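Numbering (mature numbering (1 follows the signal peptide of the UniProt record, and there is no 0)), first residue to last: -21 to -1, 1 to 411.
The beta carbon of each residue, even a glycine, is placed where N, CA and C say it ideally should be.
As the structure is a prediction and not an experimental result, all values here were calculated from the model.
Below: one structure, written as C-alpha cells.
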C-alpha cells in the first residue's frame, strides 16, 4: 500500500494564494503519493484560471476514510463542497437522502450545457441514476486490462490471448518457458464485477441495483461465474495461475520482476509500471469467454467520482459547477490522463491526446480507453449495490478460502450470495 501523508501544507498554500474576494470551496479526497500531488496541481490550475473561486483539496486518507469522513461531516453540517467517493461506495453516498446534489443538475443550474454523450461509453453510466442522469462526476477512472510480458510470450511462442479459451491453450507453453502464466490483483473488481460486464451477464436483480434498493439480490451463483472460478482453481492447481492473496501489490510484484507472463491489473497502473517493470511490456483488453453468447462487451470503470455535497450556498455550488466544467475540459483531462495513467473520460479529451501522437509513443496507455469504448451490452454498465465495500470483504474472504483449499467454489459463492443478500437487505432498511 502507498504510505499516506498530509497535504495540509499544500492546502494552506493554495488557500493563502487565493483572492480574498474569491468564493472558497473544499474538496475532500482519498488519494496520496503522486496521485495526491496531481490533485493539488489540478486545483492550482483551476485557481489560476479564474478569480471567482478558490478550491482547496484536502486528503482524508484512504478511499474508505474519505467516504466515512464525508458522511460524518454531512451529519454534523460540516461537509465539504466536493467529496471523492470510490466505485464500491457509490450506492452509499447516492442513497444517503439529501446528501448530494446531482452533478448534472448542478452544472445545468449554473447555466452550462451538459451532454452525457460527450463521455466515453464505459464511463457514462456507473455514477448515473437509472435514467442516465449524472449524480457523480467521474474523476479518476480506470479499466481492468491485461498487461503482457513481451519477452515471456516471445520465448513461449504464443500470442496474447483475446479469450480465456486462448489463454487456456497457451498456458502450458508459458509454464514450459519458465513463467507463471497468469496473475491478477483484485478478484472482486477484475474477475467478478467486470466478469459480469465483459461477458454481458446480470450481476444483481433490479437492473443490477440501479432501479431500486428494495429486494435487490446478488446473482453470483450464476453458472458462468462459478465456471470462471473453477477454472481459476484448476489453473492454480496446474501451475497456470498464481494467487498471492487480496493485496494488490503482492500480485503485481511478480509481474514486475519478470516472473509472470500475464497480469490483470488496472489501466491506471500504467504510469507506475513504466518505472518498475524489469522487462518490456504491452497491454490488451481483459479477456472474455468466447463460449458465452453475447460476451466481449465493454467493461465499466473503477476508481472514483466527485460528488457535490448539498446544503451549500448558491455561490459555492456555482464554483463547484465551474470546477466540474474545468475538470472535464479536453486540456485538463489530457493533463490528468498523462500525469496519472487514469483514462481520459471524454471523447474530446481522448481525440486531443491521440492527435498529439501520445499513444504512438505509449500504446499501452490507450488500451483502457479503447476497452471502455467497446460496444456496450445490457449488463455492462456496472452496478449500484449498498454496503458493497462489506460485500467485497466477504468475497475476498471466500476467494482466499477457495485457493487455500478450505472450501469449494460452489460453497464459496453460495456463502457470498447469502451473506451479501443479508447486507443488501440491511442497506435497504437504512434508506426507507
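- Between the alpha carbons of residue 348 and residue 148 lies a gap of roughly 28 Å.
- Listed in chain order, the non-local C-beta contacts of residue 275 below 6 Å within the same chain comprise 267, local neighbours out to five positions each way being set aside.
- Annotation: residue 292 is outside any alpha helix (DSSP H) and is labelled neither H nor E by DSSP.
- Between the alpha carbons of residue 201 and residue 190 lies a distance of about 21 Å.
- A residue is called buried when at least 16 other Cβ atoms come within 10 angstroms of its Cβ; residue 100 meets this threshold and is buried.
- Taking every protein chain shown into account, the CB of residue 103 has 16 or more other CB atoms within 10 angstroms, so this residue is buried.
- Here residue 380 has 386 and 391 as same chain residues with Cβ atoms under 7 Å from its own Cβ, once five neighbours each way along the sequence are excluded.
- In the DSSP assignment, residue 186 falls within the unbroken alpha helix (DSSP H) covering 184 to 187.
- With a beta-carbon spacing of about 15 Å, residue 363 and residue 78 fall beyond the 8 Å limit used to define contacts.
- Positions of the alpha helix (DSSP H) runs, each at least 4 residues long and wholly inside the region 373 to 409, are given as 388 to 409 in order along the chain.
- Relative to residue 335, the option among 354, 353 and 314 whose CA is nearest is 314.
- If you draw a straight line from the Cα of residue 162 to the Cα of residue 375, it comes to about 16 Å.
- Bridge partners of residue 241 according to DSSP: 127 and 161.
- In this chain, residue 33 is not harboured by any alpha helix (DSSP H); it is covered by the beta strand (DSSP E) spanning 32 to 38.
- Straight across, the Cα-Cα distance linking residue 288 with residue 338 is about 36 Å.
- When only Cα atoms are considered, residue 62 and residue 95 end up about 21 Å apart.
- The DSSP assignment places 293 to 306 and 309 to 319 as complete runs of the alpha helix (DSSP H) inside the region 255 to 330, in order along the chain (cut-off: 4 residues).
- In this structure, residue 25 places its C-beta atom within 8 Å of the C-beta atom of residue 305.
- Your pair residue 28 and residue 322 does not check out as a contact, with CB atoms roughly 23 Å apart and the cut at 8 Å.
- At a Cβ-Cβ threshold of 8 Å, residue 295 and residue 74 do not count as neighbours.
- Excluding the 5 residues flanking it on each side, residue 124 has same chain C-beta neighbours closer than 8 Å at 243, 244, 245, 246, 262, 263, 264, 265, 346, 347 and 350, in chain order.
- The beta carbon of residue 105 is closer than 8 Å to those of 66, 69, 117, 279, 280, 284, 360 and 361 in its chain, skipping five residues each way along the sequence.
- With the rule of 3 Cβ pairs closer than 8 Å, the region 181 to 200 does not count as touching the region 216 to 228.
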